[in-house]
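Mind the numbering: the sequence shown is residues 11 to 249 in our numbering, read in order. Built from N, CA and C at the ideal position, the CB exists for glycine as well. Bear in mind the structure is a predicted one, so any value in this text is a computation, not a measurement.
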Amino acid sequence: MNILIVDDEKLVREGIEKRIRKYGYPVKCIFQAAYARQAMEILEQNPVNLVFVDINMPFMNGLDFVEKYQDSGIIFVIVSGYDNFSYAQRAICLNVFRYILKPIQQKEFQEVMDEVLKQLQHTQERHEYGSLAGEIMSCIRDNLADTGFSLGSCAAILQISESSISKTLKKNVGTGFTDLLNRQRIEYAARLIEQSDGKIRSSSLAGQCGFVSQQYFSVVFKKIMGMTPSQYKENVAEK
Numbered sequence: 011m012n013i014l015i016v017d018d019e020k021l022v023r024e025g026i027e028k029r030i031r032k033y034g035y036p037v038k039c040i041f042q043a044a045y046a047r048q049a050m051e052i053l054e055q056n057p058v059n060l061v062f063v064d065i066n067m068p069f070m071n072g073l074d075f076v077e078k079y080q081d082s083g084i085i086f087v088i089v090s091g092y093d094n095f096s097y098a099q100r101a102i103c104l105n106v107f108r109y110i111l112k113p114i115q116q117k118e119f120q121e122v123m124d125e126v127l128k129q130l131q132h133t134q135e136r137h138e139y140g141s142l143a144g145e146i147m148s149c150i151r152d153n154l155a156d157t158g159f160s161l162g163s164c165a166a167i168l169q170i171s172e173s174s175i176s177k178t179l180k181k182n183v184g185t186g187f188t189d190l191l192n193r194q195r196i197e198y199a200a201r202l203i204e205q206s207d208g209k210i211r212s213s214s215l216a217g218q219c220g221f222v223s224q225q226y227f228s229v230v231f232k233k234i235m236g237m238t239p240s241q242y243k244e245n246v247a248e249k
C-alpha cells in the first residue's frame, strides 16, 4: 500500500506518518505534499492507494483536489480542523471514504486504517482470486470477532451452499474454510498485539478474535505464528 499525506502543516503530515509506521501497517511508500499541486505531481509519477488530505490549503482546497481524482480508485480520507456541515456534505457527494477532525484521535485513526485495509484487501482478493472467492474472504474478515461464525454462517450470509464455499476456496485459495478462518483470526490477533505495543490482555485477546477457548486460541496461534501469544507480546514490547 502506498500512502500520500497532503497538508500544509508539516507537523500534521509527520504526525500521520509516525502513526502509520508505529503500528506496522503494510506500507511500501509514504509520500508527503504541502499543497495540492505538489500532490498532483506525486500522483502523476507514483501509484497511490490512500490519500489523507486537508481541506484548507493554499492555491487549491482539498475537496477540489479530491474531485479531480474522483474516478481514480484512490481512497480519500479528509483530515480537517473544521466541523463544517457543507464540507462534510460535499465530501459525501465526492464519495470520500472518511471525514475525520483534527486533532486526530488514535482510536479513530486505527479504525480508519483498519477499514481502508479491509477495502483494499477485498479489491485485491476479487482481482486475484475471482469474484466469489473474494466475497467469501471478505465475509470471513468481516466476522472474525464473532465466536459463532462458521461455514454455515458464511453460506447463509452469501446465500450460497456450504459446498460451493469449500470448493471455491480449495480451487482459488488452496485451503479450506476452517484453516482460512483460523489464519485470518490469528493475523488479526497479531495486529491487535502490535497496535497495543504488546499491552493487550491475553484474557481478552482470544474473545476479540472469535475464539471461545483461550487454550485453543494459544494452540492455533503457536501453530501459525511459531510462538505463543505471550512470546509474541514480549517480542513486540521489546521493539
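Proximity of residue i and residue j at Cβ, strictly below 8 Å
i, j, result
"L179", "G220", "no"
"V126", "I84", "no"
"I196", "I175", "no"
"N53", "V76", "It should be noted that the sequence gives Leu, not Asn, for residue 53. Against a cut-off of 8 Å, the Cβ pair of V76 and L53 comes out as no contact."
"R151", "Q218", "no"
"V89", "K117", "no"
"F86", "V63", "yes"
"I13", "L60", "yes"
"I65", "N71", "yes"
Residue i burial status per 10 Å Cβ neighbour count (16 or more: buried)
i, result
"L21", "exposed"
"Y242", "buried"
"I102", "exposed"
"N192", "buried"
"I34", "Reading off the sequence, residue 34 comes out as Gly, not Ile. By the 10 Å Cβ count, G34 comes out exposed."
"D81", "exposed"
"P239", "buried"
"R47", "exposed"
"S223", "exposed"
"F231", "buried"
"E24", "exposed"
"V229", "exposed"
"Y226", "exposed"
"G158", "exposed"
"M237", "exposed"
"G6", "No statement about residue 6 is possible, as the shown extent of the chain runs from 11 to 249 and does not include it."
"A199", "buried"
"Y92", "exposed"
"A165", "buried"
"A49", "buried"
"E248", "exposed"
"E244", "exposed"
"E252", "A question about residue 252 goes unanswered here, because the residues of the chain that appear run from 11 up to 249."
Presumed contact (8 Å Cβ cut-off) between residue i and residue j, rounded CB distance
i, j, result
"K32", "M11", "K32 to M11, Cβ: 16 Å. No contact."
"F187", "L161", "5 Å"
"L73", "R100", "5 Å"
"L202", "L215", "6 Å"
Mind pulling the alpha helix (DSSP H) runs of 4 or more residues that sit fully within the stretch 38 to 79?
Counting whole runs of 4 or more residues, the stretch 38 to 79 contains the alpha helix (DSSP H) stretches 46 to 55, 72 to 78.
How about the stretch 105 to 112 and the stretch 120 to 131: do they share at least three Cβ pairs that are nearer than 8 Å?
Segments in contact, yes.
Quick check: the stretch 39 to 50 against the stretch 14 to 30, are at least 3 beta-carbon pairs closer than 8 Å?
When Cβ pairs closer than 8 Å are counted between the two stretches, the stretch 14 to 30 is seen to touch the stretch 39 to 50, the count reaching three or more.
Segments assigned alpha helix (DSSP H), at least 4 residues, entirely inside the stretch 140 to 172:
Complete alpha helix (DSSP H) runs here, min 4: 141 to 152, 161 to 168.
Mind listing, in chain order, the continuous alpha helix (DSSP H) runs of no fewer than 4 residues lying wholly within the stretch 195 to 234?
Considered as a whole, the stretch 195 to 234 harbours 212 to 218 as its complete alpha helix (DSSP H) runs of no fewer than 4 residues, in chain order.
Given 8 Å, three or more beta-carbon pairs between the stretch 205 to 214 and the stretch 162 to 174:
In short, these stretches do not touch, since the Cβ pair count stays below three.
Hey, which unbroken runs of the alpha helix (DSSP H) at 4 residues or more fall wholly within the stretch 84 to 139?
Complete alpha helix (DSSP H) runs here, min 4: 95 to 103, 116 to 139.
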